[in-house]
Every structure is written in C-alpha cells, then in structure tokens.
Amino acid sequence: MTDPRLRVLVVDDHDVVHWGLRSLLGGQSWVERCLAARDEAEAVALARRYEPHVALIDLFVGSESGAEICERVRAVSPTTKVLFISGAGRISAAAARGSGASGFVPKDWAANDVAGAVRAVALGGSVFGREDARPAAGLSARERQVLGLIATRATNTEIARQLFLSPHTVKEHTSALYRKLGVRNRAEAVQRGQAIGLSA
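Below is the structure:
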C-alpha cells in the first residue's frame, strides 16, 4: 500500500518558528505540499484553495486566537484536521475539541515528535501533549503517538510505516503503553486513552 501524501498548513506569525516548522514538515517524505500562513485571512484563503489534510495552528497568532482560526479554517475546509501548538499557553483537550481541533503539542517537544503528531492527527488520530496528562499515564511522546494511531485502527505494520519505526519497536511501545495504562488490548487502550484525554 502506498503511503498517503499529505498537504499541511502551518499558521504562525513568528518568522523563526514559521521557517522552522516549514523546513521540518516540508522535508518529510509523507508531505506533498507544506503551505504557510501568518494570519487568519491567509490561513482561510489557503484552506479554501488547497483543502489541507492538517493545519498546525499556534494558539496565539499575533492578536488573533488560534481557536477562532481553527473554526474558520474548518468552516471552509471541513475535512482539515487541526493540531494546536504553543510555546506559551496551554489548552485543555475539551476546549481544543470544542474548537474543532484534534490535538495540542507544546513547542518544546522534539522536532520528530511534533512531525509525528502532525501526521497522526492528519490520519485521524488525536494527540494531546498536556503536561497534566503525562503523569496520569506516564506515556512517552512516542507511546502517545502509537496510541493515537491505534485509535485509528491502524495495524502495527501501518503504525511502523507511518512513524518510520520497525514493527518490533512498535510492538514494544504497544506493550509498554498497555502496561502503563493497565489494559489488556487495543480496545481497552483506546477507551482508557479517551478517559484521560490521550486518544480520539
């Protein structure tokens, strides 16, 4: 099966971050096109024209609200998934979902983890990098990505391909998150993840 090539929209008004995210995502083999906007008007225009699979939106874009940008992007492109990112603020899983987003990650995550989160959300998963969620489950960023993809019913082989890992490594991550969540199978893992805001 051929991996899907995805269109990604980055919405951020800081030049260095803007450039960094475009470089990071534009260099991924699974990205077909990396679009970039510095404000709501540009984001909405690009979303309407290109219907990106996923939009990575800063919580604060200048004086504009990332949550409002999310709602307007999805109004013109309902199939676009949204992942919030921020270096300053936080948003709860409930508030993010209420705005139509499928995840939130802080800017202090490793570059590969951010890219993995973007891909997971684009493919239907959910990633919430909330600090208050981490102690509740003790999952690593990679284990949260695996859980998010499990929630999309992806097989270990598909997860391995999407995250550029070996199937054996994915199996190890899966076993670890089962143990940490106190569950026995995929269905229970997804249910437990939903309860603590870690999966869709």
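Each residue of the sequence shown is one higher than the last, beginning at 321 in the working numbering.
All residues carry an ideal CB built from backbone N, CA and C; glycine is no exception.
Predicted model only: the values in this text are computed from it and were never measured.
Given this structure, state the Cα-to-Cα distance separating residue i from residue j, to the nearest angstrom.
i      : j      : result
Leu459 : Gly502 : 12 angstroms
Arg327 : Arg504 : 36 angstroms
Leu376 : His488 : 30 angstroms
Ser422 : Ala496 : 24 angstroms
Gly468 : Asp335 : 30 angstroms
Met321 : Ala357 : In this prediction, Met321 has a pLDDT of 41, which is less than 50 and means its spatial position is unreliable; what the coordinates show is noted afterwards. Computed Cα separation, rounded: 32 angstroms.
Assign residue i to one of three DSSP states: helix, strand, or coil.
i      : result
Ser397 : coil
Asp359 : coil
Ala430 : coil
Ala496 : helix
Leu483 : helix
Ser385 : strand
Leu469 : helix
Just to confirm my understanding: we take residue i, look at its own chain, exclude 5 residues before and 5 after, and list those with CB closer than 6 angstroms. What are they?
i      : result
Ser397 : Ala367 and Glu371
Gly382 : Asp333
Pick from the options: whose alpha carbon is nearest that of residue i?
i      : options                           : result
Ser446 : Phe404, Asn432 and Thr477         : Phe404
Arg522 : Glu492, Ala363 and Phe448         : There is simply no residue 522 to check, as the chain begins at 321 and stops at 520 in what is shown.
Glu352 : Phe484, Ala442, Leu497 and Gly513 : Ala442
Val402 : Arg462, Ala414 and Ser419         : Ser419
Arg318 : Cys354, Arg342 and Leu344         : For the chain, the structure presents residues 321 to 520; residue 318 sits outside this window and is missing.
Ordered along the chain, which non-local residues of its own chain (more than five positions away) have a Cβ less than 8 angstroms from that of residue i?
i      : result
Asp428 : Gly407
Glu391 : Ser419 and Gly420
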